[in-house]
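**Q** Residue numbers (the numbering used here), protein chains in the order written: chain X, 1 to 380; chain S, 381 to 700.
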């Protein structure tokens with residue numbers, strides 16, 4: 001168990017035309033011990049670079065990384081005590097699953113020494129006299145049991161499915177008993193069903209071992225489901241860090257709001273005039289606090305919109321133009337007066353059909369107002 | 381039902397396929413298949429006269445004669461030296477050079493081009509340059525040796541060898557050394573490029589994974605690079621040993637068409653292809669063309685057996 005602290009972490013690369021490219025800028029994140037944390041963002045946002053800096057594959061341009069109270073900036077990767085699962089697993093194709101998992105123990109001087117020490121203690125405690133080879137075998141078996149691949153130890157990676165390869169990669173990362181587990185896009189090479197299953201398994205393994213886990217993903221659903229905390233990045237800059245539900249409900253800006261959620265949050269063009277929000281030139285709702293007159297964008301999630309059958313006046317009037325079914329979830333697409341599009345979920349008790357006129361109301365605390373730069377002005 | 385239809389379709393496809401393959405097949409028949417068969421036939425015609433086509437009888441006497449021929453044995457010995465000494469040595473040095481090139485960033489392309497130069501240099505011209513380097517009187521190497529205070533060496537010399545077996549063997553060793561140096565230089569270029577290609581096709585994530593696990597450089601090379609490079613290694617090995625089996629021009633360029641240093645009349649540096657060419661040079665002599673054909677068949681046989689053996693041995697060592 002280990003706490004990970006990133007302090008002002010910056011990574012600069014030299015580009016092709018000798019220009020400096022900032023991949024990660026002044027990142028400050030403190031990850032508590034034993035938590036599962038997801039680094040989330042569109043591709044090129046610096047999340048993988050951050051992971052590689054934590055692993056020690058990339059060096060830092062500025063800032064510090066702390067594991068507990070140890071500063072690891074200049075520490076070689078093998079001395080950091082991290083296990084890593086690569087995006088394409090990086091299983092050695094010429095070795096069997098067993099040899100792949102045993103690879104770190106057998107081939108690293110430091111890790112070998114550590115296990116030899118453990119063996120001495122083990123033999124003393126159990127009053128046994130097992131050989132190092134046998135001990136390694138035991139370690140491999142227990143790692144394989146953890147991810148349930150005991151039956152495939154003799155196979156080559158190419159003879160395994162994507163999901164099984166993923167488990168082997170996790171077993172190889174865990175066998176050396178790291179303090180921190182790093183996963184780079186662990187689910188991106190799996191098909192949809194396997195992704196759900198593996199996602200839950202990663203969580204299960206993480207809880208079972210209690211290991212501090214950091215994983216990188218561009219899939220918001222993944223991270224919202226299994227993470228204790230998420231870090232959202234964009235262009236190398238931290239956007240928001242917090243518990244998934246909090247970040248989802250109270251995004252700090254339009255980028256975060258749009259990045260999280262399926263279907264994406266409804267964005268509606270509007271204007272503030274005399275502390276009233278105007279939609280298509282008509283007054284809509286009064287602001288809870290005074291703000292300058294300016295053009296703004298409203299952000300309202302699909303699940304926050306309800307069809308209001310009781311009220312006479314239109315809070316948000318729209319005409320249904322499409323009803324799309326996706327399994328159990330039915331999404332209604334409707335057009336506002338000014339042509340803007342909103343999506344909301346069908347109320348199964350009172351379904352609406354195409355070309356129905358509906359009046360929508362917004363639930364409490366779910367109306368977000370963003371300025372044109374994407375910053376959040378108010379949410380109520 | 382479905383299966384049957386599929387089969388029929390496959391057959392229809394294959395008929396058209398044969399038609400497409402026909403031009404290539406005709407060319408192969410004319411230029412490869414027929415000459416091969418004819419070589420085997422000619423090799424069994426005893427006392428064959430090339431101009432008139434007359435011959436005494438069909439027999440395998442040539443095969444007995446050729447095995448007894450000391451020049452043919454010498455040709456076999458030299459060819460085996462090329463294949464089993466020069467090729468592995470040049471592969472090893474090519475691998476080291478490729479690893480070196482791989483590990484540097486600056487000038488890599490420039491150096492790779494430099495290493496590739498021997499490949500585009502005329503073999504005969506390069507051979508003459510090497511003959512000059514090793515020249516006894518004004519060769520570069522001897523000049524260098526003298527500068528460094530060593531005695532100059534008569535690299536390619538047959539002085540007194542007809543009278544003394546000891547001198548003959550010494551002269552032979554020196555000539556082998558010259559041939560070794562030349563073929564190392566000549567063979568390095570293509571192998572370096574091939575190994576570089578093989579090295580760069582290894583996914584760098586394997587190395588990152590190994591780094592996280594703290595694998596030492598030697599272990600990374602032994603347990604990751606070498607096995608993952610094995611398909612390239614096999615390819616390089618098979619192609620360059622076949623090239624070595626057919627080596628001829630290098631020997632001619634270095635030692636002239638007497639296949640040895642001046643003063644040698646045993647053709648001490650002859651190769652199998654050299655033997656064939658030598659026999660063909662006397663094509664008016666009855667039986668000479670048959671002997672050349674016999675040698676060609678023997679060469680084919682040796683290459684086939686050894687290549688099959690190599691593939692069998694290396695099969696277990698090539699990983700995927």
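Ideal placement from N, C-alpha and C gives every residue a C-beta, glycine not left out.
(1) Let me check understanding here. Comparing Cα to Cα, which of 136(X), 222(X), 84(X) lies closest to residue 170(X)?
(2) Determine the DSSP secondary structure at residue 366(X), reduced to helix, strand or coil.
(3) Can you tell me the Cα-Cα spacing of residue 193(X) and residue 262(X), whole angstroms?
(4) Could you tell me whether the Cβ of residue 98(X) comes closer than 8 Å to any Cβ of chain S?
(5) If you count every other CB in all the chains shown that lies within 10 Å of the CB of residue 100(X), and 16 or more means buried, which is it?
(6) What residues of chain X sit near residue 595(S), judged by a beta carbon separation below 7 Å?
(7) In angstroms with no decimal places, state the Cα-to-Cα distance between residue 374(X) and residue 254(X).
(8) Go ahead and pull the three-state DSSP assignment for residue 436(S).
(9) Could you give the distance in angstroms between the alpha-carbon of residue 95(X) and the alpha-carbon of residue 591(S)?
(10) Using the DSSP secondary-structure output, state which residues sit across from residue 375(X) in a beta bridge.
(11) How is the alpha helix (DSSP H) around residue 117(X) delimited, first residue to last?
(12) Measure the Cβ-Cβ separation of residue 40(X) and residue 223(X) and say whether it is below 8 Å.
(13) Within 8 Å of any Cβ in chain S, is that where the Cβ of residue 237(X) sits?
(14) Residues of chain X with CB under 8 Å from residue 488(S), in chain order?
(15) Can you grab the Cα-Cα spacing for the pair residue 294(X) / residue 369(X), in whole Å?
(16) Starting from residue 57(X), find everything on chain S with Cβ-Cβ shorter than 9 Å and list it in chain order.
(17) What are the residues in the segment 602 to 636 of chain S lying within 7 Å of chain X by C-beta distance?
(18) When you check each C-beta in the segment 571 to 587 of chain S against every C-beta of chain X, which residues fall closer than 8 Å?
(19) Please return the same chain residues whose Cβ sits closer than 7 Å to the Cβ of residue 158(X), not counting the five positions on each side in sequence.
(20) For residue 23(X) versus residue 236(X), is the C-beta spacing smaller than 8 Å?
(21) Is the segment 48 to 60 of chain X in contact with the segment 210 to 218 of chain X, if contact means three or more CB pairs nearer than 8 Å?
(22) Along the chain, where does the alpha helix (DSSP H) containing residue 591(S) start, and where does it finish?
(23) Specify, as a first and last residue, the run of the alpha helix (DSSP H) that residue 380(X) falls within.
(24) Please determine, among 678(S), 688(S), 686(S), 608(S), the residue with the shortest C-alpha to C-alpha distance to residue 452(S).
(25) Taking residue 315(X) as the query, report the chain S residues whose CB atoms sit under 8 Å from its CB, ordered along the chain.
(26) Rounded to a whole number of angstroms, what is the C-alpha to C-alpha distance between residue 249(X) and residue 58(X)?
(27) For residue 385(X), collect the residues of the same chain with a Cβ closer than 7 Å to its Cβ; drop the 5 residues on either side in sequence, then sort them by chain order.
(28) Does residue 645(S) get closer than 8 Å to chain X when you measure Cβ to Cβ?
(29) Please confirm if residue 211(X) has its CB atom under 8 Å from at least one CB of chain S.
(30) Kindly confirm or deny that the segment 621 to 628 of chain S and the segment 462 to 473 of chain S touch, where touching means at least three C-beta pairs closer than 8 Å.
(31) Between 345(X), 296(X), 73(X), 279(X), which lies nearest to residue 392(X) when the distance is taken from Cα to Cα?
(32) With a threshold of 8 Å between beta carbons, is residue 111(X) in contact with chain S?
(33) Taking three-plus beta-carbon pairs below 8 Å as touching, is the segment 142 to 152 of chain X in contact with the segment 59 to 73 of chain X?
(34) Got a sec: which bits of the segment 80 to 96 of chain X sit with their beta carbon under 7 Å from any beta carbon on chain S, in order along the chain?
(35) Would you check if the segment 266 to 273 of chain X and the segment 282 to 299 of chain X touch, i.e. whether three or more CB-CB distances between them fall below 8 Å?
**A** Taking the geometry as given:
(1) Answer by Cα proximity: 84(X).
(2) Residue state, collapsed to three classes: coil.
(3) C-alpha of residue 193(X) to C-alpha of residue 262(X): approximately 18 Å in a straight line.
(4) For residue 98(X), the answer is no, since every Cβ of chain S falls outside 8 Å of its Cβ.
(5) Counting the other Cβ atoms within 10 Å of the Cβ of residue 100(X) gives 16 or more, which makes it buried.
(6) Those are 107, 108, listed as they occur along chain X.
(7) If you draw a straight line from the Cα of residue 374(X) to the Cα of residue 254(X), it is about 5 Å long.
(8) Residue 436(S): coil per DSSP, three-state reduction.
(9) Straight-line Cα distance between these residues: approximately 17 Å.
(10) In DSSP, residue 375(X) forms a bridge with 253(X).
(11) From DSSP, the alpha helix (DSSP H) with residue 117(X) extends over 109 to 126.
(12) Yes, the pair counts as a contact, with Cβ atoms nearer than the cut-off.
(13) The C-beta of residue 237(X) comes no closer than 8 Å to any C-beta of chain S.
(14) At a C-beta separation below 8 Å, residue 488(S) has no neighbours in chain X, since its nearest C-beta there lies roughly 16 Å away.
(15) Spanning the alpha carbons of residue 294(X) and residue 369(X) requires a straight line of approximately 11 Å.
(16) For residue 57(X), the chain S residues whose Cβ falls inside 9 Å of its Cβ are 588, 591, 592, in order along the chain.
(17) Within the segment 602 to 636 of chain S, the qualifying residues are 603, 604, 607, 608.
(18) Within the segment 571 to 587 of chain S, the residues whose Cβ lies closer than 8 Å to some Cβ of chain X are 583, 585, 586, listed in chain order.
(19) These residues qualify, in order along the chain: 93.
(20) In contact: residue 23(X) and residue 236(X) (Cβ atoms closer than 8 Å).
(21) Remark: three or more beta-carbon pairs, one from each stretch, lie closer than 8 Å, so the segment 48 to 60 of chain X and the segment 210 to 218 of chain X are flagged as touching.
(22) Counting along the chain, the alpha helix (DSSP H) containing residue 591(S) begins and ends at 584 to 592.
(23) Residue 380(X) -> no alpha helix (DSSP H), and no H or E assigned at all.
(24) Measuring from the Cα of residue 452(S), the nearest candidate turns out to be 678(S).
(25) Per Cβ cutoff of 8 Å: no residues; residue 315(X) is ~54 Å from chain S at best.
(26) Roughly 34 Å separates the two Cα atoms.
(27) In the structure as shown, chain X starts at 1 and stops at 380, and residue 385(X) therefore has no counterpart that could be examined.
(28) Chain X, which has no Cβ nearer than 8 Å to the Cβ of residue 645(S), makes this no.
(29) So no, residue 211(X) is outside the interface.
(30) Short answer: they touch.
(31) The question about residue 392(X) has no answer, for chain X in this structure spans 1 to 380.
(32) For residue 111(X), the closest Cβ of chain S is nearer than 8 Å.
(33) Flag = no, the segment 142 to 152 of chain X and the segment 59 to 73 of chain X do not touch.
(34) Contact annotation: in the segment 80 to 96 of chain X, residues whose CB is within less than 7 Å of a CB in chain S are 82, 84, 86, 88, 90, 92, 93, 94.
(35) Yes, the segment 282 to 299 of chain X is in contact with the segment 266 to 273 of chain X.
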